[in-house]
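Each protein sequence line maps, in turn, to chains A and B. Under full-length UniProt numbering, read the first sequence as residues 1 to 357, first letter to last. Under full-length UniProt numbering, read the second sequence as residues 1 to 357, first letter to last. These notes concern the structure reproduced below.
There are 2 protein chains.
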Amino acid sequence: MMKKTALIMAGGRGERFWPKSRKSLPKQFLSLTDDGRTMIQLTVERIRLLVEMEDIYVSTNQAYKELVAGQLPGLPPENILCEPMGRNTAPCIGMCAMYMAKKYGDALMMVLPSDHLIKYHKMYINALNDACGIAEKGNNLVTIGITPDYPETGYGYIKFRPEETEGNAYAVDRFVEKPDLETAKEYLETEEYLWNSGMFIWKVSTILDNFQKLLPAMYDGLEQIREAIGTQKQEMILEKVFPELESVSIDYGIMEKAQNIYILPGVFGWDDVGSWLAVERIQKSNESGNVVTGNIITIHSKNNIIQGGKKLIAAVGLHDLIIVDTEDATLICDKGNAADIKMVLENLKICNREEYL
Amino acid sequence: MMKKTALIMAGGRGERFWPKSRKSLPKQFLSLTDDGRTMIQLTVERIRLLVEMEDIYVSTNQAYKELVAGQLPGLPPENILCEPMGRNTAPCIGMCAMYMAKKYGDALMMVLPSDHLIKYHKMYINALNDACGIAEKGNNLVTIGITPDYPETGYGYIKFRPEETEGNAYAVDRFVEKPDLETAKEYLETEEYLWNSGMFIWKVSTILDNFQKLLPAMYDGLEQIREAIGTQKQEMILEKVFPELESVSIDYGIMEKAQNIYILPGVFGWDDVGSWLAVERIQKSNESGNVVTGNIITIHSKNNIIQGGKKLIAAVGLHDLIIVDTEDATLICDKGNAADIKMVLENLKICNREEYL
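Now the structure itself:
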């Protein structure tokens with residue numbers, strides 16, 4: 001089999017874990033599980049079962065380069081690929097594919113989010129291995145789909161054709177955007193839709209062929225970058241070309257238009273850890289249903305998520321709250337209002353209180 | 001009229017304002033109103049309308065001497081009377097009466113709590129002036145009673161005889177302990193009970209006569225202290241005699257047994273500021289019913305009491321909570337569970353976490 005590489009996407013700036021996540025410390029660099037390791041550390045550890053450390057790449061932006069290097073000391077420094085600026089996923093993936101083309105000629109490339117959790121590692125590895133097999137055969141683009149438990153409106157969906165298979169995978173009919181609740185319910189009833197996990201598996205040559213065909217202007221820019229790699233002009237060309245690339249997602253720019261796409265159902269306990277509410281799923285609660293970290297006293301309190309540190313937090317008579325204490329900011333939020341945390345951030349932006357963002 | 005003096009009782013160690021109040025900083029030294037002045041500062045400011053600064057005394061214990069001196073810079077240092085240890089109110093009041101007897105021979109003595117609020121200062125002063133008149137005439141012990149609005153079970157009550165008056169005051173029938181709710185309701189229906197405000201007015205000579213008659217052993221000890229005042233032995237005698245005095249309240253030791261007690265109804269907007277819930281009565285709330293101090297953002301939140309400082313507190317979807325943030329501890333408490341704050345303190349005591357008490 002062809003050499004396997006992994007590209008871990010770590011440029012995100014999620015706000016849903018405020019105040020623990022900040023512009024300067026997004027979710028992928030936080031520890032949200034019991035064991036103290038950060039999301040990106042867990043991601044690397046998982047994929048190490050399938051990919052050599054020297055073939056793991058992390059794509060991030062310049063601001064997080066030190067964080068990546070600090071949290072992943074075993075990663076070769078040259079494998080941290082920095083975008084000069086955030087331009088959505090297509091330019092980023094394209095640029096990394098060019099790096100890999102230059103280094104390996106061709107290789108299997110697994111694109112993986114840096115901030116999701118997987119419960120069953122062996123099944124995860126088996127699924128990726130299967131996906132690699134399908135990607136290597138012909139010019140297939142493979143994605144991992146998650147069987148929906150409920151009509152989530154926060155994810156993209158992928159429609160597949162149940163009768164058209166390739167190994168354990170199904171041919172993709174189309175990628176669809178986040179649906180409204182009614183539509184999501186219809187999707188579930190058809191049994192022909194899976195959640196889009198953001199994991200993609202393909203050969204470097206296959207994805208670059210698709211860039212050339214579907215995003216030709218971007219491909220030209222990426223070619224210029226490729227030529228400059230390893231030369232003295234590398235930085236200069238990157239700074240000049242990258243900002244001019246179209247800001248478009250890989251889903252919209254490639255996957256919604258490409259041929260030969262297959263989806264492999266992932267049944268390995270996937271969790272995107274999308275908000276503070278997820279902490280209840282991924283950490284153990286005590287007999288009162290409280291999930292607590294830090295220096296906490298709870299009295300007559302049930303089903304709360306409390307994330308503190310050294311400072312004492314006394315919770316008295318509380319139910320169904322999210323409490324997150326950090327050095328300079330404390331969030332106290334009803335679980336039913338978790339989506340309103342973004343209003344706090346909007347408020348802070350309007351008031352130019354950058355220090356809290 | 002005889003010289004008027006005030007004894008402000010400031011030895012209390014209230015726990016109901018934890019975590020803002022601590023053993024090292026009890027309620028009387030906190031600012032709980034909008035204007036930033038502490039409870040004891042407000043108390044002194046009020047009584048200054050009737051009593052010269054040099055005739056105002058503050059009784060406290062050694063641990064708070066510096067706090068008193070710091071918060072009341074205009075008070076003569078020798079007017080801070082320190083108990084070697086807390087022995088309830090009777091020994092403390094008796095000792096202070098002895099100091100006053102030595103200094104003035106006789107005087108009118110107003111005993112006042114240091115941690116209550118009064119809304120109408122002129123009516124308050126008029127009431128105390130009336131009380132002084134009644135105390136000066138004969139050997140009367142006068143107390144201020146508050147007309148109950150509702151059957152509070154956290155206060156002592158005083159039964160009076162409506163037909164037996166002395167100026168604006170009524171003869172006291174008896175002092176009663178904190179009642180249960182049923183009994184408190186009955187008290188209100190009789191219209192013959194007032195709340196015990198803890199304010200007492202008498203001549204130094206009258207109260208000492210009562211000590212001699214009703215607490216003769218304590219009186220002997222107080223006499224020894226009196227003789228030592230101003231001598232080299234003062235400290236030594238105080239340290240030796242005071243701890244041996246019976247630990248009993250002035251209510252139980254004297255008022256429940258004495259003759260010639262009168263109660264004057266106080267109608268000056270009294271508030272004992274008994275718990276965090278009182279903050280809603282004494283501070284202005286915003287249009288959402290939130291009473292906030294500090295660096296606070298509220299989103300979809302109503303009727304909360306939030307006391308912060310420099311640290312940002314974001315409240316999202318919260319209703320009827322008490323949130324108090326301090327340097328090393330944060331309380332988050334449902335208003336309906338305010339009485340359970342003491343359980344936090346019990347927990348801290350059991351775990352020997354003295355630093356938070």
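Each residue gets a CB set at the ideal place from its N, CA and C atoms; glycine is no exception.
Does DSSP classify residue i as helix, strand or coil?
| i | result |
| --- | --- |
| proline 216 of chain A | helix |
| asparagine 337 of chain B | helix |
| phenylalanine 17 of chain B | coil |
| glutamine 224 of chain B | helix |
| asparagine 260 of chain A | coil |
| asparagine 168 of chain A | coil |
| isoleucine 350 of chain A | helix |
| asparagine 126 of chain A | helix |
| aspartate 180 of chain B | coil |
| glycine 11 of chain B | coil |
| glycine 94 of chain B | helix |
| methionine 255 of chain A | helix |
| glutamine 232 of chain B | coil |
| arginine 22 of chain B | strand |
| lysine 302 of chain A | strand |
| methionine 110 of chain B | strand |
| arginine 281 of chain A | helix |
| residue 359 of chain A | With chain A covering only 1 through 357, there is no way to say anything about residue 359 of chain A. |
| threonine 147 of chain A | coil |
| histidine 116 of chain B | coil |
| glutamate 163 of chain A | strand |
| glycine 308 of chain A | coil |
| glutamate 186 of chain A | helix |
| threonine 206 of chain B | helix |
| proline 73 of chain A | coil |
What's the C-alpha gap between residue i and residue j?
| i | j | result |
| --- | --- | --- |
| threonine 165 of chain A | tyrosine 262 of chain A | 8 Å |
| alanine 69 of chain A | cysteine 92 of chain A | 19 Å |
| threonine 231 of chain B | glutamine 212 of chain B | 24 Å |
| methionine 86 of chain A | arginine 22 of chain A | Note that residue 86 of chain A corresponds to glycine in the displayed sequence, not to methionine. Whole-angstrom Cα-Cα distance: 16 Å. |
| glycine 253 of chain B | alanine 217 of chain B | 12 Å |
| leucine 331 of chain A | glycine 294 of chain A | 15 Å |
| asparagine 140 of chain B | asparagine 260 of chain B | 5 Å |
| glutamate 235 of chain B | glutamate 354 of chain B | 29 Å |
| isoleucine 225 of chain B | glutamate 287 of chain A | 57 Å |
| valine 16 of chain A | isoleucine 322 of chain A | The sequence shown places arginine at residue 16 of chain A, rather than the valine named in the question. Rounded to whole angstroms, arginine 16 of chain A to isoleucine 322 of chain A spans 12 Å at the Cα level. |
| threonine 183 of chain A | tyrosine 193 of chain A | 11 Å |
| valine 292 of chain A | lysine 284 of chain A | 9 Å |
Rounded to whole angstroms, how far is the Cβ of residue i from the Cβ of residue j, which I believe are closer than 8 Å?
| i | j | result |
| --- | --- | --- |
| glycine 14 of chain B | isoleucine 146 of chain B | The pair is not a contact, with the Cβ atoms about 19 Å apart (cut-off 8 Å). |
| glutamine 28 of chain A | isoleucine 47 of chain A | Rounded, the Cβ-Cβ distance is 14 Å, inconsistent with contact. |
| lysine 102 of chain B | isoleucine 80 of chain B | The Cβ separation is near 16 Å, so there is no contact. |
| leucine 108 of chain A | glutamate 136 of chain A | 6 Å |
| phenylalanine 268 of chain B | tyrosine 120 of chain B | 4 Å |
Give me, in chain order, the residues of the same chain whose beta-carbon lies closer than 7 Å to that of residue i; leave out the 5 immediate sequence neighbours on both sides.
| i | result |
| --- | --- |
| glycine 156 of chain A | Phe175, Val176, Glu177, Lys178, Asn196 and Asp251 |
| glutamate 244 of chain B | Gly221 |
| tryptophan 270 of chain B | His116, Ile118, Ile146 and Ser197 |
| leucine 32 of chain B | Met39, Val273, Val279 and Ile282 |
| leucine 348 of chain B | Tyr356 and Leu357 |
| tyrosine 170 of chain B | Phe160, Arg161, Pro162, Glu164, Tyr262 and Ile263 |
| alanine 90 of chain B | Leu215, Met218, Val248, Ser249, Ile250, Gly253 and Ile254 |
| isoleucine 144 of chain A | Ala127, Ala131, Ser197, Met199, Leu264 and Gly266 |
| asparagine 168 of chain A | Asp130 and Leu264 |
| proline 26 of chain B | Gly12, Arg13 and Gly14 |
Leaving aside the five residues before and after residue i along the sequence, list all residues of the same chain whose C-beta is less than 8 Å from its C-beta, in chain order.
| i | result |
| --- | --- |
| isoleucine 299 of chain B | Ala314, Ala315, Val316 and Gly317 |
Among the residues of its own chain, which have a CB less than 6 Å from the CB of residue i, if the five just before and after it don't count?
| i | result |
| --- | --- |
| proline 148 of chain B | Leu188 and Trp195 |
| valine 58 of chain B | Ile8, Ala10, Val68 and Ile80 |
Give a yes or no on whether the C-beta atoms belonging to residue i and residue j are separated by under 8 Å.
| i | j | result |
| --- | --- | --- |
| histidine 116 of chain B | aspartate 272 of chain B | yes |
| cysteine 132 of chain A | isoleucine 201 of chain A | yes |
| valine 204 of chain A | methionine 53 of chain A | no |
| lysine 20 of chain A | valine 344 of chain A | no |
| isoleucine 125 of chain B | leucine 75 of chain B | no |
| alanine 258 of chain B | serine 114 of chain B | no |
| valine 51 of chain B | alanine 6 of chain B | yes |
| asparagine 312 of chain A | alanine 338 of chain B | Before going on, a small fix: residue 312 of chain A reads as leucine here, not asparagine. No, the Cβ-Cβ distance between leucine 312 of chain A and alanine 338 of chain B is not below 8 Å. |
| isoleucine 296 of chain A | isoleucine 305 of chain A | no |
| glycine 342 of chain A | histidine 319 of chain A | A quick correction: the sequence has lysine, not glycine, at residue 342 of chain A. Cβ atoms of lysine 342 of chain A and histidine 319 of chain A: not closer than 8 Å. |
| threonine 153 of chain B | aspartate 173 of chain B | no |
| lysine 3 of chain A | aspartate 55 of chain A | yes |
| leucine 112 of chain B | threonine 60 of chain B | no |
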